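S.K.: In the numbering used here, the protein residues as written are 2 to 514.
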């Protein structure tokens, strides 16, 4: 027995070491970056919760014999594929899913389905330690922020106060309140959803009640956050700006979260009283075991195949250079500040943004034409797109800074000689300002407009060409109240038609010089 335990310990240490070195960058990013974000700071506690949930099942696990299965090879292979997809496309969320699939598959290999089934809830619950992808997180933040603002204004009206909402700005007459990210609701929603899942797990009742409990966490979070905004607006007239910042702001957030948790527990009590559960019927017929159909594997060789695959993947990712750095044809600092009727001035990016974007080269120029109309050009160049160093789409960054996108879609812009390019187009609004934006992604001879397609071609070209260079081009023009949107559209299209041929002399194409 002692020899068996020693072999098991050595086995798990060996696999743990391989997994750590294989996913080291993703794990460091998860701990140092994703868990450091206020929206997901609570996710760092999930591994401890999962460990406790598994510990609760220790007696059942020990009493159930291990029956390893080859079926685990299917999710294991999918996990390896996701690793390469995330590694070459520079996408951390894909790497997180890969790590989860590979880890679960290894336990399935070694212990069998029946043992894994005993701890299936902790296994699935462990997914909550990974933050949502950026585009989903941004979409939820924007929606919850707008809904919270609307609810806050409605509650202020019920209190007899005059309030007017414009986007995320609430005008109280005597002051204006901006609903910032800290009041967006997502910082309540994520931990409240996680806790609601735990409460539902321990709430031994009908499935529909437990699902209702989890789903109800969403409206509870939104409503209580709207209440928080209304209270800040109401108390602002008595205590001033102190209620919207510092200790009071943080305390009100904590209080509203605890109030939301209390509502969840109250909901459990009400459900239990209104819909009492009937006594469960005991059945003498044992359930059919999944392992009856599982092919047994010799205990000394069952993990050889996954270990070899993981080792080969680790060796390949550290020895093969899939992403050589492609030099830009000309420095973007040489981009002309005069083009036809447009004259401009370049400006530097602040250091905080440079540290976040981790780009290889960039240019920002503010142009003005003979009529005094302005266009801002921003081009970012990446010699190699890797994990944490890849293109940030404006569809994620700008809404995160408070801009609301309207009439967004994809249009084709003619750029001369029978050529046209697809670009993302949207009107965006913030605090009464309205602007028209175009943006697109020059990628190794392709002009792409979809960030998911961009990720796929980064993955594909890394394998086939050992290239992952690419650029983001973004142009913005203000839409003044004295002009029609069509005038701004014509202005921006005319500018793009002049700028694209010039950009083509800077950004490497399908073939290198």
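Where is the CB? At the ideal position from N, CA and C, for every residue including glycine.
Keep in mind it's a predicted model, so treat the numbers as computed, not measured.
1. Pick from 208, 354 and 190: whose alpha carbon is nearest that of residue 133?
2. Rounded to whole angstroms, what's the CA-CA distance from residue 498 to residue 136? Just pull it up for me.
3. Do residue 379 and residue 392 come within 8 Å of each other at the CB atom, strictly closer than that value?
4. Using the C-alpha atoms, what's the distance from residue 25 back to residue 39?
5. Spatial neighbours of residue 284 within its chain, please: CB distance less than 6 Å, with the 5 preceding and 5 following residues excluded, ordered by chain position.
6. Which first and last residues belong to the beta strand (DSSP E) in which residue 427 is found?
7. Kindly indicate which three-state DSSP category residue 508 falls into: helix, strand or coil?
8. Which same chain residues end up closer than 7 Å to residue 515 when comparing Cβ atoms and leaving out the 5 residues on each side of it in sequence?
9. Touch check for the stretch 63–78 and the stretch 446–465: three-plus C-beta pairs under 8 Å?
10. Contact between the stretch 477–497 and the stretch 348–362 is defined here as three or more beta-carbon pairs at a separation below 8 Å; is this criterion met?
11. DSSP three-state label for residue 404, please.
12. List the whole-angstrom C-beta distance separating residue 468 from residue 318, where the pair is believed to meet the contact cut-off of C-beta under 8 Å.
13. So is residue 88 buried or exposed if we call it buried at 16+ other beta carbons inside 10 Å?
14. Given 8 Å as the limit, is there contact between the stretch 17–33 and the stretch 88–107, that is, 3 or more CB pairs closer than that?
15. Thinking residue 237 and residue 173 are a contact (beta carbons under 8 Å), I'd like their distance in whole angstroms, please.
16. Just grab the DSSP bridge partners of residue 448 for me.
17. Does the count of Cβ pairs from the stretch 196–215 and the stretch 272–279 closer than 8 Å reach three?
18. Do you know whose CA, among 108, 62, 202 and 160, lies nearest residue 214's CA?
19. At which residue ranges does the stretch 110–137 contain complete alpha helix (DSSP H) runs of 4 or more residues, listed in the order of the chain?
20. Might you give, ordered along the chain, the residues of its own chain that have their beta carbon closer than 7 Å to the beta carbon of residue 85, omitting 5 neighbours on each side?
21. So, is residue 260 buried or exposed, given that buried needs 16 or more other C-beta atoms within 10 angstroms?
22. Pair every Cβ in the stretch 334–351 with every Cβ in the stretch 424–438, then say whether three or more of these pairs are closer than 8 Å.
23. Taking the alpha-carbon positions, what's the residue 253 to residue 171 distance?
24. Report the CB separation of residue 506 from residue 331 in whole angstroms; it is logged as a contact under 8 Å.
25. Where do the ends of the alpha helix (DSSP H) carrying residue 347 lie?
26. My output table needs one value for residue 410: the three-state DSSP class, helix, strand or coil.
27. Which same chain residues, not among the five before or five after residue 340, have their C-beta less than 7 Å away from its C-beta?
28. Quick one: residues in its chain with C-beta nearer than 7 Å to the C-beta of residue 314, no 5 flanking neighbours on either side, listed in chain order?
29. What separation, rounded to the nearest whole angstrom, lies between the Cα atoms of residue 16 and residue 141?
30. From the DSSP output, in three-state form, read off residue 473 for me.
M.R.: On the basis of the supplied data:
1. Closest by C-alpha distance to residue 133, out of 208, 354 and 190, is 190.
2. Here the alpha carbons of residue 136 and residue 498 stand approximately 30 Å from one another.
3. The beta carbons of residue 392 and residue 379 sit no closer together than 8 Å.
4. Distance between the alpha carbons of residue 39 and residue 25 is about 23 Å.
5. Bear in mind that a pLDDT of 47 at residue 284, under 50, signals an unreliable position, so the model cannot answer this.
6. Boundaries of the beta strand (DSSP E) around residue 427: 420–431.
7. For residue 508, the secondary structure class from DSSP, reduced to helix, strand or coil, is coil.
8. Because the chain in this structure spans residues 2 to 514, residue 515 falls outside the shown range and cannot be described.
9. Two segments are said to touch when three or more pairs of C-beta atoms, one from each, lie closer than 8 Å; by this definition the stretch 63–78 does not touch the stretch 446–465.
10. Too few Cβ pairs lie closer than 8 Å, so no.
11. Of the three classes helix, strand and coil, the one that applies to residue 404 here is coil, per DSSP.
12. Contact doesn't hold; Cβ gap of about 17 Å is too wide.
13. By the beta-carbon neighbour count (other beta carbons within 10 angstroms, threshold 16), residue 88 is buried.
14. Short answer: they touch.
15. With 8 Å as the limit, residue 237 and residue 173 qualify as a contact, their Cβ atoms being about 7 Å apart.
16. Paired residue(s): 443.
17. Contact between the stretch 196–215 and the stretch 272–279 is present, because at least three Cβ pairs lie under 8 Å.
18. When only C-alpha atoms are compared, the closest one is 202.
19. For the stretch 110–137, the full-length alpha helix (DSSP H) segments reaching 4 residues or more read 114–119 and 121–126 along the chain.
20. Only residues of its own chain outside the window of five on either side were considered, and among them none has a CB closer than 7 Å to the CB of residue 85.
21. Label assigned to residue 260: exposed.
22. The stretch 334–351 vs the stretch 424–438: no contact.
23. Rounded to whole angstroms, residue 253 to residue 171 spans 19 Å at the Cα level.
24. Rounded, the Cβ-Cβ distance is 7 Å, consistent with contact.
25. For residue 347, there is no enclosing alpha helix (DSSP H); the residue is found in the beta strand (DSSP E) stretching over 343–347.
26. Residue 410 falls in the strand class under three-state DSSP.
27. Here the set comprises 499, 500 and 503.
28. Close CB contacts of residue 314 within its chain, under the 7 Å cut and outside five residues either way in sequence, are with 23, 81 and 84 (chain order).
29. Each residue's alpha carbon lies about 37 Å from the other.
30. Residue 473 falls in the strand class under three-state DSSP.
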